[in-house]
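Undergrad: Sharing a structure here in C-alpha cells format.
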Amino acid sequence: GYDFLALSDHNILSVGEKWIKVLDENPGGWPPSMTKAKLADVRERFGADWPITRIVEDTLEMALATLPKLKKKFEEPGKFLMIQAEEITDKYDGNPIHVNATNLLELIPPQGGNSTHDVLQRNIDAVYKQRKETGQTMLAHVNHPNFGWGIVAENLIELRGDTFFEVYNGHPGVRNWGDDAHPGTDRMWDIVLAMRLHQGLDPLFGLAVDDTHDYYKHKIGKSNPGRGWVMVKA
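Under this note's numbering, the first residue of the sequence shown carries the number 565, and numbering increases by one thereafter.
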C-alpha cells in the first residue's frame, strides 16, 4: 500500500463544513452523485458514526470528511501520512491548464494569464510564493498535459522554478499516449529535456499519479486508485 497520499480537488481544500445530497440512485452525469447504497457501504467499512448526516427539507445530506478528520482516522506515525493538496484548475483560450500544489497551507485561486505558458508559470509561481512566505515545504507540478490537448512541449521548455509534470496519469481520458498529431507524454518529456539541456536549464522531472475519481467499480475505463505513484528517499 501507499506510505503517503495527497488528496487534491479542483480549486478547493478539504477543510470547512461542506454537505452533499444523498440520492436514492445515481442519475448519471459528472460528478457522480452520492447515493444511499454508497452511504451504506461507507458505514459498513468505516463504522456507523463515520459519515455525519442530516435532513434538510426532507432531503438526506452527508458531510464531507475534512482532511483533519481523515488524518485522525487513517494516519499512522512512521507508516502512513496524508498531505493537503489542491488541483489549481485554470484555462487559456478554452484549453484546460491544471497545476497541482502539494503540501500547501492555504487555497491558491487560479492565477490566469495571457498565454498557456504564462498561465502555467503564474500558477507555479503562486505555489512557490506561498512556500517562500510561510517556510512550508511545497511542490508544484503540471497535470496531464495532453488532457484536452491543452499543453504542448513548447509550453514546458521555458518554465522556471522547481519544475515537475505528469509523465503518467491514471485517468483514462487524459491521452497519455498521444495520437497521430500529438506526441505522448514520454516523447513530450524527451523533447522538453533535450531543449532545456540545450538552453542550460534545469531538468523537468516526471511524476506518476492516480488521478482517482472512481472508488466503487474497478475496471478498465474507470479512474481507479493504484495506477500511478512516486517513490521518495525519506
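Beta carbons are placed, not taken as given, at the ideal position from N, Cα and C, and that holds for glycine.
None of the values given here were measured: they were computed from a predicted structure.
Short of 8 Å in beta carbon distance, which residues of its chain neighbour I647, apart from the five on each side in sequence? Order them along the chain.
TA: F568, L569, A570, L571, T666 and N667
Undergrad: I need the straight-line Cα distance from P673 to P660, nearest angstrom please.
TA: Cα to Cα, the separation comes out at about 15 Å.
Undergrad: Going straight from the alpha carbon of K783 to that of G770, what length do you get?
TA: 26 Å
Undergrad: Starting from G606, trace the alpha helix (DSSP H) both ways and give me its first and last residue.
TA: Strictly speaking, residue 606 in this sequence is Val, with Gly absent from that position. K600 to F610 is the span of the alpha helix (DSSP H), which, as asked, contains V606.
Undergrad: With a cut-off of 8 Å on the beta carbons, I'd call Y738 and F711 a contact; round off their distance for me.
TA: Looking at the sequence shown, residue 738 is not Tyr but Val. Their Cβ separation, rounded to whole angstroms, is 4 Å, which keeps V738 and F711 in contact under 8 Å.
Undergrad: How do the stretch 715 to 734 and the stretch 755 to 767 stand: do at least 3 beta-carbon pairs fall below 8 Å, yes or no?
TA: Yes, the stretch 715 to 734 is in contact with the stretch 755 to 767.
Undergrad: Considering only C-alpha positions, which residue in the set E697, V691, G714 and K696 is nearest to A704?
TA: V691
Undergrad: Would you give the residue range spanned by the beta strand (DSSP E) that P660 belongs to?
TA: N659 to T666
Undergrad: Taking the continuous beta strand (DSSP E) assigned at V731, which residues delimit it?
TA: F728 to N733
Undergrad: Could you please give me the residues that DSSP links to W583 through a beta bridge?
TA: When DSSP reads this structure, W583 sits in a beta bridge with A627.
Undergrad: So, with DSSP's three-state summary, where would you put Q648?
TA: Collapsing the DSSP output to three states places Q648 in a strand.
Undergrad: Could you give the C-beta distance for D774 and R751, rounded to a whole number, given that I count them as a contact under 8 Å?
TA: Wrong, their Cβ atoms sit about 22 Å apart, outside the cutoff.
Undergrad: Check this for me: beta carbons of N664 and N719, under 7 Å apart or not?
TA: no
Undergrad: Taking the beta strand (DSSP E) that A717 falls in, what are its first and last residues?
TA: Run containing A717: none in the beta strand (DSSP E); it sits in the alpha helix (DSSP H), A717 to I721.
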